[in-house]
Structures are given as C-alpha cells and as structure tokens.
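**Student:** FYI, the numbering for the sequence shown is 125 to 860, going by this note's numbering.
Think of the CB as a built atom: it goes at the ideal place given N, C-alpha and C, for glycine as much as any other residue.
Since the model is a prediction, treat every value here as computed from it, not as a measurement.
I have a structure I would like to understand better, so I am pasting it below and will then ask my questions one at a time.
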Amino acid sequence: MASCDMRLFGIRHHGSGSALRLIAALETFSPDALAIELPSDAAELVARLQITRHRPPIAFLHYDQDKPERAIYLPMAVFSPEYQALHYAWTNAVPVHCIDLPAAAGLCLSRSSESAKVHIQAEYAHMVADPIGYLARQAGYRDGERWWESHFERWTDHEQLFALVCELMGALREQTGGMDDGETLLRETWMRRQLRALLASGCRRLAVVCGAWHAPVLSTAQLEVTPESPLPEIKTCAAAGAIIPWTYRHIALTPAYTAGVPNPMWHDVLFQHKDHAPAAFLSHAAQCFRKHGHEIAPSAVIEACRLAEHLALLREFPAPGIEELLEAASVLMPLKQTGFDPEDKLLYGEVTGYVELSRESLPFVQHFHNRLTALRMNRFWKDGPPPERLLDLREPPQLEVSRFLHACVVLDLAWALPVELDWNARGNFNERWMFHWNPGLEIELVELALLGNTLEQCCGARIRQKIGSAHALPDIALWLEHSLKAGLDELWPDLAAALDRICLQDHDLVQLARMIRPLQAILDYGSLHGTPTDFAARSLEGLLSHLVNRFSNHCIQLSQDRAQAMMEALLAVQYHLDKNGSGEWVSLWKGQLRSIAHHRESHPLLRGKCWSLLAGLKEIDEREFLEALQREFAPQIGVQQAAEWFEGFLHGQSPFFLLLPDALQCLNQWLAVQEEEDFLAFLPLMRRSFAQMKASERKRILQALEGHRSNQPSDWVWLLHSERMSIIDAGCHRRG
Numbered sequence: 125m126a127s128c129d130m131r132l133f134g135i136r137h138h139g140s141g142s143a144l145r146l147i148a149a150l151e152t153f154s155p156d157a158l159a160i161e162l163p164s165d166a167a168e169l170v171a172r173l174q175i176t177r178h179r180p181p182i183a184f185l186h187y188d189q190d191k192p193e194r195a196i197y198l199p200m201a202v203f204s205p206e207y208q209a210l211h212y213a214w215t216n217a218v219p220v221h222c223i224d225l226p227a228a229a230g231l232c233l234s235r236s237s238e239s240a241k242v243h244i245q246a247e248y249a250h251m252v253a254d255p256i257g258y259l260a261r262q263a264g265y266r267d268g269e270r271w272w273e274s275h276f277e278r279w280t281d282h283e284q285l286f287a288l289v290c291e292l293m294g295a296l297r298e299q300t301g302g303m304d305d306g307e308t309l310l311r312e313t314w315m316r317r318q319l320r321a322l323l324a325s326g327c328r329r330l331a332v333v334c335g336a337w338h339a340p341v342l343s344t345a346q347l348e349v350t351p352e353s354p355l356p357e358i359k360t361c362a363a364a365g366a367i368i369p370w371t372y373r374h375i376a377l378t379p380a381y382t383a384g385v386p387n388p389m390w391h392d393v394l395f396q397h398k399d400h401a402p403a404a405f406l407s408h409a410a411q412c413f414r415k416h417g418h419e420i421a422p423s424a425v426i427e428a429c430r431l432a433e434h435l436a437l438l439r440e441f442p443a444p445g446i447e448e449l450l451e452a453a454s455v456l457m458p459l460k461q462t463g464f465d466p467e468d469k470l471l472y473g474e475v476t477g478y479v480e481l482s483r484e485s486l487p488f489v490q491h492f493h494n495r496l497t498a499l500r501m502n503r504f505w506k507d508g509p510p511p512e513r514l515l516d517l518r519e520p521p522q523l524e525v526s527r528f529l530h531a532c533v534v535l536d537l538a539w540a541l542p543v544e545l546d547w548n549a550r551g552n553f554n555e556r557w558m559f560h561w562n563p564g565l566e567i568e569l570v571e572l573a574l575l576g577n578t579l580e581q582c583c584g585a586r587i588r589q590k591i592g593s594a595h596a597l598p599d600i601a602l603w604l605e606h607s608l609k610a611g612l613d614e615l616w617p618d619l620a621a622a623l624d625r626i627c628l629q630d631h632d633l634v635q636l637a638r639m640i641r642p643l644q645a646i647l648d649y650g651s652l653h654g655t656p657t658d659f660a661a662r663s664l665e666g667l668l669s670h671l672v673n674r675f676s677n678h679c680i681q682l683s684q685d686r687a688q689a690m691m692e693a694l695l696a697v698q699y700h701l702d703k704n705g706s707g708e709w710v711s712l713w714k715g716q717l718r719s720i721a722h723h724r725e726s727h728p729l730l731r732g733k734c735w736s737l738l739a740g741l742k743e744i745d746e747r748e749f750l751e752a753l754q755r756e757f758a759p760q761i762g763v764q765q766a767a768e769w770f771e772g773f774l775h776g777q778s779p780f781f782l783l784l785p786d787a788l789q790c791l792n793q794w795l796a797v798q799e800e801e802d803f804l805a806f807l808p809l810m811r812r813s814f815a816q817m818k819a820s821e822r823k824r825i826l827q828a829l830e831g832h833r834s835n836q837p838s839d840w841v842w843l844l845h846s847e848r849m850s851i852i853d854a855g856c857h858r859r860g
C-alpha cells in the first residue's frame, strides 16, 4: 500500500469547475488506473459507452428486471467530472474501476424503509444533508451554489483545490462524529474494500474520483487506520443496465434529484467557454429570444455583459454569476415585455443527449423506433416535426398509423394528440393528429421500457396501473376509447370491468351521462377500427339503467352551476334516446321528465326544459301547457326564477306553444306588474333566452305579438326587437 501513490479528487457532481480542474489534475498526475464512484456492476456500461456513438447528456440506467419500476438513474453531462474522467481514461488507455456499491444491492437499499439508518443529531443533520449549503452559510452566503461557484468553480490551482475540498469536508465529518445515513456508510465501507483490493493489485498511481463528501473517509490514512469490518448481509436483485439519453432539464436540481445543479446551461457555458463565459451565456440568451420571435440587437448583448460585470464588482464577486447575468438580461432584454420564461429556456435550454440504438438498447426503445420506421413516422419524431397529419382510416397503412398513435395516447406519451372528435359525425373516416416533440419524450420512452418490451406489453402494464387508481368515469372512457382504436384486444375485459365497477360506485349522474356518447361512438364506429363492441353495448345498457331510473331525484334544490351541469346530462340522455332508445327506456324516461316538470323543488331551468321536451314529444296538450305557464308566471313569482324557467323552455326547442294567444296574454300580464328595477334585470336574461332561437322563429313570435298590440300593448315586443337596442332604451319605452 505504501508503494502506491493514491490521489483523491473530491468533486462536485455536475460542477463545471470541478470538471475543468479534474482534467488538469489527471493530466498532471498521469495515473495508471482510475477508480470512480460508480456502481461496481456499471463496468459493463462504462466499456459499452466507450464504443457507442453518443452525445451527452446521457445516463446509466440500472433497474430490477423482476420489478422494473425500481430503477436508478446516474446522469452525466459534458461538464460532469465523472464523464470527463471517463473520457480521459479512454483517451489515455487507463483502466477504469467502478468502486461503489453494486446497483443490484443499491436498488434494494433505496426502497427499504429505514434500513440500516443511523440516528443523526438535529444539530448535525443539516451538515450531513447539505454540507456545501452549511459552509456557504458560515461564510455569510445565502446560496450554497453561489458560494461554491465563487470559491471553487473558477479556481485555477487544481493541486490546492482538491486538497482544500478534502480538508473542508474532513472538518465537517469530524464535527458530525462520523454520523450519516446507513446507506452512505455502507457504500463507503464497500468503496474502502475496493480501494484496498486495487492497492494490493500493484497499482503505482491510482486516481480516485468521488463525491467531495466521501473523500475524507477514502484517503490512504483512513484506509490504514480503519479496520476492515465485515459487511452486513446485503439483499440483491436481478439488476440490468442500459445507457440512455438524458436532458439538461432532468439534470437540474429538484427535490427528486438532489445531486443536480440549478442552472445546467450556465455550467455548460462555464465548461465550454471558460474564458468568456458571461458573453457566451448572454449570446445564448439572445438566441433564445430570437427563436421565439423577439429581436435582440448585438449591442444589447454587449451592454448586458458590461452591466453584469459591474454588478459583480459592486457585490465584490470575482466574476459575474448567473444572478448578475439574469438581472442584466432582464434590463436589456426585457423579459416581462416579451412574456419569455428565463428559467425554462435560459437555465435548462432544450438540450437532449443521443445514444446510438444497438442490440444493447432497451428492447422497447428499439421496438418503438422500428415501428416509427415501418410506419414512415420518423420525421414526426424529432424537434420541429410537421405540426399535424390527417389520416384516412379506409386506407390500411393509415389505419395502422392510427392504431399506433392511439397506443401512444394510452401510454400517456404526449407526442401525438388527436384533435377532438365530432361524435355526431356520420360517415367520417378521417382522424386529425397534432404533433409536438420535445426532448423529454426520449426519457419517457426509457421509463416506459421498464414496463415491457413491446408496445402491447407496455400498454397493458400502463392500463393495469391506471385501473388500480382510477376513480373517475371520464378517465376510464378515454382509456377505453383509445385502447379500442389501438386494437389492444386484451385490455377490453379489464376496462369493461372497471367501467362497470365505477358505474356502480359513482352517484354523479353528470359523469355517468358523459359516458353515453363515447360508448355509443364505440358502437357506431367500432367496425371502422375492426373492433368488437359487445361489451360496449352491455355497459351502455347498465349506464342507461342508472340514469333513467334515478334522474328526477337528482334535480331537486340545486345550485345554478349544478343545474347547468344536470341540463347537460339531461340533454345527453335525451339525444341518445331520440336516436337509439328502445320503447322501454323511452317510456321510463318520459315518466322522469314529467316528475321533474311537476315538482316545485326541481330547479326552474330543468323544469322549463322538461316542459319543452314533453311538448316536443307531444306528451302534453295546450291546456296542460297553459296551466303550467300560469303557475310559473304567477304575479308573485320572482324575475330570476321565471327567467330561468323560460331559458330552459326555449333551450334548443321550437317556440310553437308561445304563439298561443292565451300564452302571450299570460306572459304579458306577468311582465306588466313587475317593478321597473325588476324589468331592467329581467330584460337581459330574456334576451339571452331568445338569442338561442333562430331569427325566423323570433320573427314569427314578434309578428304574433304585434298582431295583438291594437288591443293590448305588449312589452314582449321589445324583447324581440333588434339586438342593438339597449336595455335603457327598452326601459324608457316601457315607462312611456
């Protein structure tokens, strides 16, 4: 051990400054072996990455083959020290040794509840959780990122940098008394065992690249004084690995990924343009503005750069940081005026990696891209695809494309979205799809690949996941529709059972009624996609049973908003029965309409609509209608209630009954006794009701009213006059 020169390089994950200093340090040290903080079973991925065409950011994916939802992602960007260390090793033919705990064990540890946890005292917990943030606060900084950037990211002496970082972290670990969470301590024990084995193998110059927090406990001195204690029994799983593309958005610091950096694009610029990073970042900002149609002059970029430098001087920083650059951009490239989101584009960009498809790629990713090629859809799967495509389902190749796209919707792959279908259309063999590709879709493909190896397997797994947590009928309806159109036969029984289950549990008739048209559309157009529809007929029959037998009980004492929703449900049932209803359902439904129409606690909007439907169905005569009208427009009835009844009555119906002389006289007598204030409030409500009618029908009523004016002036005439007449004009005429 003594004859080997082992150097520790404690780095900050995804720190551009750490990456630059690490490159210089490795070139100076010239190691003959490289040990890196990656899972021991990632060695195969490291070797594969060397020969695979790729462009960072990329990630190593480790997942449990038996439970693919258990996965670990280890991302690397071009500015990540780990990636640069690997690049140095490949370039200089230096063997790479992965020394961290195997992913096969880490996958089990990361899901175990409180496994091997060590109690950390409250005063030390914040040191362990965020050592950089703790040091920053001790130095008077509010932001740990800014402290690290100011003191280390632009450090030029790499020899002192890594020694100082190790010393700082060592001091913190002494203060905490070596306390940490159980998983971290286990990993460090494992790494020490790996380093001892490497030193014993005869390495002369060993470079160790690890997170700064681990560096103090992996030093040569620690290896000598720390006894090699036996490892506890570690549970493992059947782990598999893959190299996948990644994005800067996913490298960003989030609660789900605490090793990320808050501004990946800034670190990219610091790494790629270290000598003129502020100017390069502001040029990137100007390009983002221009891509979104906002012209930014070169002079604005120059002035913003100067402003950022002056802000840094005023704040006593050695160079502008991301805060100064964003402030300068907000002044000289007005963000608020353009509506531009700096966090979305300037800090994350739209950078996505690339990994060549190969035999080692995840099976589903290969399968998906092969389907794209076979269906000639490759040009739609990229940045800036054609915005839409119209499919003719009578053409077999286009029908296959439709099935593929509907399967993508089942998978929640937000790439292709269907334009809203017209359920009333007859003989419509077209589908219109809108496309929107974004870099995150590549990551979604990888996540879906953990569900299965083919499109059909992934759809089945995803639907089973959804059904387990589904509580809303519209969700079931959507999945049912798209799975049918995707030709996923094996999903229909599960979806139909879920639909029946929720129908039995759901007492919201509005939601139930919204299922009618999708189910009817399946019956009407199922043959277009070649799908059987027997189960849809059974589900629709059960749905109608719930609705028709219970509707009137749900129309009593409703709020205005709920009444509007129930109106939608009532119309859905009526529309279906008009087109497809059998004698039994129609008879029961008419009884429900009569019950609602006669019940005084039913909402007046629904009462009015039921009277108009009964009139249209010829279920009432003139005498019965006039009696109802006299009750609804009795002198003591308020304006609001009368107006809502009238709105419901005129909704989508012919005004034939309003032409009756006795009806006109009843309405005019009610209006004549209303106070001026009530009249002015009543007029716009009635205008809204009459606006639903065709102009020819309004004209017929107007002519009928004017025919009675010689005997009795009618205020209803003024309700039907030109839409341009103001409420005040009508009120003045009434007073005259």
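1) Can you give, in chain order, each stretch of the beta strand (DSSP E) that sits fully within the segment 140 to 183 and has at least 3 residues?
2) So, L319 versus V333, is the Cβ gap smaller than 8 angstroms?
3) Would you mind giving the Cβ-Cβ distance between W561 and W505, rounded to the nearest angstrom? I have them listed as a contact below 8 angstroms.
4) Excluding five sequence neighbours on each side, which residues of the same chain lie with their C-beta closer than 6 angstroms to the C-beta of F675?
5) Excluding the five sequence neighbours on either side, which residues of its own chain have a C-beta within less than 8 angstroms of the C-beta of G584, listed in chain order?
6) Let's test the definition: count the other Cβ atoms within 10 Å of the Cβ of P199 and tell me whether it reaches 16, buried, or not, exposed.
7) Thinking V489 and V570 are a contact (beta carbons under 8 angstroms), I'd like their distance in whole angstroms, please.
8) When we look at the beta-carbon of K609 and count the other beta-carbons within 10 Å, is it buried (16 or more) or exposed?
9) Rounded to the nearest angstrom, how far is the Cβ of A637 from that of V697, given a contact under 8 angstroms?
10) From which residue to which residue does the alpha helix (DSSP H) around R316 run?
11) Rounding to the nearest angstrom, what Cα-Cα distance links W214 and R588 in this structure?
12) Enumerate, from N- to C-terminal direction, the unbroken beta strand (DSSP E) stretches of 3 or more residues contained entirely within the segment 517 to 543.
13) DSSP three-state label for Y478, please.
14) With a threshold of 6 angstroms on Cβ separation, who are the neighbours of T360 within its own chain once the five nearest residues in sequence on each side are excluded?
15) For a quick check, are the C-beta atoms of C429 and L406 less than 8 angstroms apart?
16) Do you know offhand how far I375's Cα is from G384's?
17) What first and last residue would you give for the beta strand (DSSP E) that runs through R261?
18) Pull up the distance between the alpha-carbon of E357 and that of L285, whole angstroms please.
19) Between which two residues does the alpha helix (DSSP H) holding W557 run?
20) Under the DSSP definition of a beta bridge, which residues are partnered with C222?
21) Which runs of the alpha helix (DSSP H) fall wholly inside the segment 406 to 466 and span at least 4 residues, in chain order?
22) For R513, which option in R177, E307, R527 and F559 has the closest C-alpha, if you only look at C-alpha atoms?
23) Looking at A432 and E448, is the spacing between their C-beta atoms short of 8 angstroms?
24) Compare the beta carbon distance of S726 and I680 with 8 angstroms and say whether it is the shorter of the two.
25) Taking contact to mean at least 3 C-beta pairs separated by less than 8 angstroms, is the segment 342 to 352 in contact with the segment 179 to 198?
26) Just how far apart, CA to CA, sit N548 and L535?
27) What's the gap between the Cα of F862 and the Cα of D624?
28) Is G855 helix, strand or coil by DSSP?
29) Which residues bound the alpha helix (DSSP H) around L198?
30) Taking the alpha-carbon positions, what's the A403 to L572 distance?
31) Shortest alpha-carbon distance to T497 belongs to which of E484, P521, Y478 and L515?
**Tutor:** Taking the structure as given:
1) You should have 157 to 163.
2) Cβ atoms of L319 and V333: not closer than 8 angstroms.
3) Yes, W561 and W505 are in contact; Cβ-Cβ is about 6 angstroms, under 8 angstroms.
4) If we look at F675 and ignore the five residues flanking it on each side, its Cβ neighbours are Q716.
5) The residues are G576, L612, E614 and L615.
6) Counting the other CB atoms within 10 Å of its CB gives P199 a total of 16 or more, which places it among the buried residues.
7) Between V489 and V570 a beta carbon distance of about 7 angstroms is seen, short of the 8 angstroms cut, so the two are scored as contacting.
8) With at least 16 other beta carbons inside 10 angstroms of its own, K609 counts as buried.
9) Contact check for A637 and V697: beta-carbon distance about 6 angstroms, within the 8 angstroms limit, so the pair qualifies.
10) Taken as a continuous stretch (DSSP letters only), the alpha helix (DSSP H) holding R316 covers G306 to A324.
11) Distance from the CA atom of W214 to the CA atom of R588, rounded to whole angstroms, is 44 angstroms.
12) Uninterrupted beta strand (DSSP E) stretches at least 3 residues long and entirely within the segment 517 to 543 occur at 540 to 542, given in chain order.
13) Strand.
14) So the qualifying residues of the chain are A228 and A229.
15) Yes, Cβ-Cβ distance for C429 and L406 is below 8 angstroms.
16) Rounded to whole angstroms, I375 and G384 show a C-alpha spacing of 5 angstroms.
17) Note, R261: premise wrong, no beta strand (DSSP E); alpha helix (DSSP H) at P255 to Q262.
18) If you take the alpha carbons of E357 and L285, they lie about 38 angstroms apart.
19) No alpha helix (DSSP H) holds W557; the beta strand (DSSP E) holding it covers N554 to F559.
20) The partner list for C222 (beta bridge, DSSP) reads I160.
21) Qualifying alpha helix (DSSP H) stretches, in chain order: 422 to 438, 446 to 456 and 459 to 462.
22) Nearest of R177, E307, R527 and F559 to R513, Cα basis: F559.
23) In this structure, E448 lies near A432, with their beta-carbon atoms less than 8 angstroms apart.
24) It is a contact, given that the beta carbons lie within the stated cut-off.
25) The count of Cβ pairs closer than 8 angstroms, one atom from the segment 342 to 352 and one from the segment 179 to 198, stays below three, leaving the stretches out of contact.
26) Only weak support is given to the placement of N548: the predicted model assigns it a pLDDT of 47, under 50, and the value that follows is read from those uncertain coordinates. When only Cα atoms are considered, N548 and L535 end up about 27 angstroms apart.
27) Absent from the structure is residue 862, since the part of the chain shown begins at 125 and ends at 860.
28) At G855, the pLDDT of 36 sits below 50, so the modelled position is not reliable and the matter cannot be decided from this model.
29) Here L198 belongs to no alpha helix (DSSP H); instead the beta strand (DSSP E) covers A195 to M200.
30) Near 40 angstroms, if we compare the C-alpha coordinates of L572 and A403.
31) Closest option to T497, Cα to Cα, is P521.
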